[in-house]
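Residue numbering for the sequence shown follows this note's numbering, starting at -16 and increasing by one per position.
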Amino acid sequence: MESGRATLLKEQQLKDQFDNLEKHTQSGIEFVERYSKFVKERSDIEISYAKQIRNLSKKYQPKKNSREEEENKYTSCRAFLSTLNELNDYAGQHEVIAENLTSQIITELSRYLTELKAERKSHFHDGRKAQQQIESLWKQLESSKRRFERDCKEADRAQQYFERMDADINVTKADVEKARQQAQMRHQIAADSKTEYSNYLTKFNQEQNEHYYTLIPNIFQKLQEMEERRIERVGVSMKTYAEVDREVLPIVGKCLDGMTKAAESIEPKTDSKQVVESYKSGFEPPGDVEFEDYGPGQTMKRTVSETSLSNSRGEAKERPGGGKSKGKLWPFIKNKNKSPKQNKEPLSNRFNEFMASKPKMTCLRSLRRGGSGPEDFSHLPPEQRRKKLQAKIDDINKDIQKEMDQKDALTKMKGVYEKNPQMGDPASVDPRLVEMAMNIEKLQSEVQKFEGWLAEVEGRLPSRSDPPRRQSGLYESQNSNSTMVDNNCAQDRESPDGSYTEEQSSETQVKVAIANTPEFDDEFDDGDEETLPTIGTCKAVYSFEGHNEGTISVTEGELLFVIEQDKGDGWTRVRRNVEEEGYVPTSYVEVFLETNTKGAMTYI
-16 MESGRATLLK EQQLKDQFDN LEKHTQSGIE FVERYSKFVK ERSDIEISYA KQIRNLSKKY
44 QPKKNSREEE ENKYTSCRAF LSTLNELNDY AGQHEVIAEN LTSQIITELS RYLTELKAER
104 KSHFHDGRKA QQQIESLWKQ LESSKRRFER DCKEADRAQQ YFERMDADIN VTKADVEKAR
164 QQAQMRHQIA ADSKTEYSNY LTKFNQEQNE HYYTLIPNIF QKLQEMEERR IERVGVSMKT
224 YAEVDREVLP IVGKCLDGMT KAAESIEPKT DSKQVVESYK SGFEPPGDVE FEDYGPGQTM
284 KRTVSETSLS NSRGEAKERP GGGKSKGKLW PFIKNKNKSP KQNKEPLSNR FNEFMASKPK
344 MTCLRSLRRG GSGPEDFSHL PPEQRRKKLQ AKIDDINKDI QKEMDQKDAL TKMKGVYEKN
404 PQMGDPASVD PRLVEMAMNI EKLQSEVQKF EGWLAEVEGR LPSRSDPPRR QSGLYESQNS
464 NSTMVDNNCA QDRESPDGSY TEEQSSETQV KVAIANTPEF DDEFDDGDEE TLPTIGTCKA
524 VYSFEGHNEG TISVTEGELL FVIEQDKGDG WTRVRRNVEE EGYVPTSYVE VFLETNTKGA
584 MTYI
């Protein structure tokens, strides 16, 4: 009985150990799953971070055909562009981290977890099977033991009954014999039960010994090895986690070195020189103001220096008699009178015909928002125009050289075909050669055209050794009738939808005037100048707000007198009444000149 209790106690303890091991191994699997989830979230963070970095780099990349792309000639802008490119590569390394974490850790741990769960299930299944088998043998042993005990008791009772019957003189001999046989049979059954119990006991002891010393230790050993492999696998994954970051450090370092090198390449002096070269106009500086002696009965001229243009309006108002100068107006000064008087002079009968006419929009159709200006770059200052023309000539020369190289190659090919007709037909190359010759001739004519413009600009640029002269009378009458219509359409950069820039047009006005004026006058403004005669009429096709000095505001449909036609700079001088006159963009008005002034012409 004591032996039986000890066996039961061992079985109970073994069962408890299996339960504990099952809980422990399950918690180990959950730990691996939690670590795998941690790595996955880190990978998602790296992907998101790389995406944001790439979007940031893309956001600040210079746009094509934009001011930012123009600024890339400065070292600071190029350094920033290099930083953006390095930042893009830096984002790529974070994508590499995410990719390696996924392939080397997450995928591997996912496959290992599947194998680990299957192995754990198999080991615990074998353990439970062994427990069930030993428990079944124990039950058989207990059953045979109880049967043996019962049979022994039955045999003792049968023996006692036989002895009583044999001692009783009143019992017949037949009853005694029957009792003796019954006792013998019970003793035989008890002997058989004893033999069966002994066999079961021997078998159980053998199975129990194998169970506790072979099966269970082997299962526990497998579970232990499984657990050690799990822990080792987690350690390897953690090491890989660190190595993934370490592998990209050299490239990340190169990216950072590239950013540092870009920052060190910034040259402030070079950038400032670039600005000087970009905005160098080539205009001649104004000369000295001449001394004017005062004499009785003489009025001194109110000549204003270009450095104090803002005083011209005020001085004009202070002249005796309240008269206003009818000389040239400077278009760069802010107009303090933003609301000019709208008093209109009576118009001739020809204005009725003008009102009924429809404005011609021939040149307006060619307007393009953000156009690049005339082909000859006449809208630029002389120095900038020279640079643009030179760059254009260089580009065309490159194209000519490319065409000539291709022509030479085709000529050699044709020679090869003539020597070896089996390789190809020489006549098949002729159309291409003719086309290339025409292209070269066309490009050469383009070069000659641009070289002519370049020679014109270089001939007009002032020499550094020449003495400066006063720049006055910029808008005096010039013999430019042959270029008026062409330069008028060159104002296609102006757009009535609001993209017109007064400062740019004013600058163009000065540049063209300087290019077309052979010599400068000695005075900027002449207060005694006579009123200019009317040479035609015009109708405002669009409204124009004249905010600069020398310009005049007009409203759509308003009728005005023309006192000076467009000189090729895109401006027409008009008069509203005796006191109000100024310049308006030629593309904003429809002009009708008198028949006796160079013929009738219409501008839009």
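Every residue gets a Cβ at the ideal spot worked out from N, C-alpha and C, and that includes glycine.
- The residue from 79, 100, 246 with its alpha-carbon nearest to that of residue 15 is 100.
- In the three-state reduction of the DSSP assignment, residue 555 falls in the strand class.
- The beta-carbon distance between residue 383 and residue 433, rounded to whole angstroms, is 12 Å. This is too long to meet the 8 Å contact definition.
- In this structure residue 36 is in contact with residue 74, their Cβ atoms being roughly 4 Å apart against a cut-off of 8 Å.
- Assigned with DSSP and collapsed to three states, residue 565 falls in strand.
- Around the Cβ of residue 262, a 10 Å sphere holds fewer than 16 other Cβ atoms; the residue is exposed.
- The C-beta separation of residue 29 from residue 77 comes to about 5 Å, placing the pair in contact by the 8 Å criterion.
- In the structure shown, the three-state DSSP call for residue 422 is helix.
- DSSP places residue 544 inside the beta strand (DSSP E), whose first and last residues are 542 to 547.
- Burial state of residue 162 is buried, judged by a 10 Å Cβ sphere holding 16 or more other Cβ atoms.
- Judged by DSSP secondary structure, residue 522 falls outside any alpha helix (DSSP H) and instead within the beta strand (DSSP E) spanning 519 to 523.
- Under a 10 Å Cβ-count criterion, residue 403 is classified as exposed, with fewer than 16 other Cβ atoms of the shown protein chains found around its own Cβ.
- Counting C-beta pairs closer than 8 Å gives fewer than three between the region 132 to 152 and the region 193 to 213, which falls short of the contact rule.
- With the rule of 3 Cβ pairs closer than 8 Å, the region 398 to 412 does not count as touching the region 359 to 367.
- Counting other Cβ atoms within 10 Å of its Cβ, residue 187 reaches 16 or more and is therefore classed as buried.
- By the beta-carbon neighbour count (other beta carbons within 10 angstroms, threshold 16), residue 274 is exposed.
- Within the DSSP bridge table, the entry for residue 527 names 537 as partners.
- When C-alpha distances from residue 2 are compared across 515, 203, 54, 417, the shortest belongs to 203.
- Residue pairing by DSSP puts residue 576 in a beta bridge opposite 519.
- When DSSP states are grouped into helix, strand and coil, residue 102 belongs to the helix group.
- Around the CB of residue 248, fewer than 16 other CB atoms lie within 10 Å, so the residue is classed as exposed.
- Listed in chain order, the alpha helix (DSSP H) runs fully inside the region 52 to 118 are 58 to 84, counting runs of at least 4 residues.
- The Cβ atoms of residue 180 and residue 128 lie closer than 8 Å to each other.
- Residue environment: residue 523 is assigned as buried (16 or more neighbouring CB atoms within 10 Å of its CB, all protein chains considered).
- Separation of residue 536 and residue 528 (C-alpha to C-alpha, rounded to the nearest whole angstrom) is 5 Å.
- Sequence-distant Cβ neighbours of residue 138 in its own chain, meaning closer than 8 Å and more than five residues away, are 166, 169, 170, 172, 173.
- Counting the other Cβ atoms within 10 Å of the Cβ of residue 117 gives 16 or more, which makes it buried.
- The residue from 514, 547, 12, 55 with its alpha-carbon nearest to that of residue 257 is 55.
- Short of 7 Å from the beta carbon of residue 227, and not among the five residues preceding or following it, lie these beta carbons of its own chain, in chain order: 80, 83, 84, 87.
- Around the beta carbon of residue 531, 16 or more other beta carbons lie within 10 angstroms, which makes this residue buried.
- When the five nearest sequence neighbours on each side are left out, the beta carbons in the same chain lying within less than 8 Å of the beta carbon of residue 238 are those of 69, 70, 72, 73, 76, in order along the chain.
- Annotation: residue 514 is outside any alpha helix (DSSP H) and is labelled neither H nor E by DSSP.
- With respect to the C-alpha of residue 39, the residue from 18, 20, 17, 66 having the closest C-alpha is 66.
- Collapsing the DSSP output to three states places residue 183 in a helix.
- Taking the C-beta atoms as reference points, residue 567 is found no nearer than 8 Å to residue 574.
- For residue 44, the CB contacts under 8 Å within the same chain, skipping 5 residues up- and downstream, are 64, 67 in chain order.
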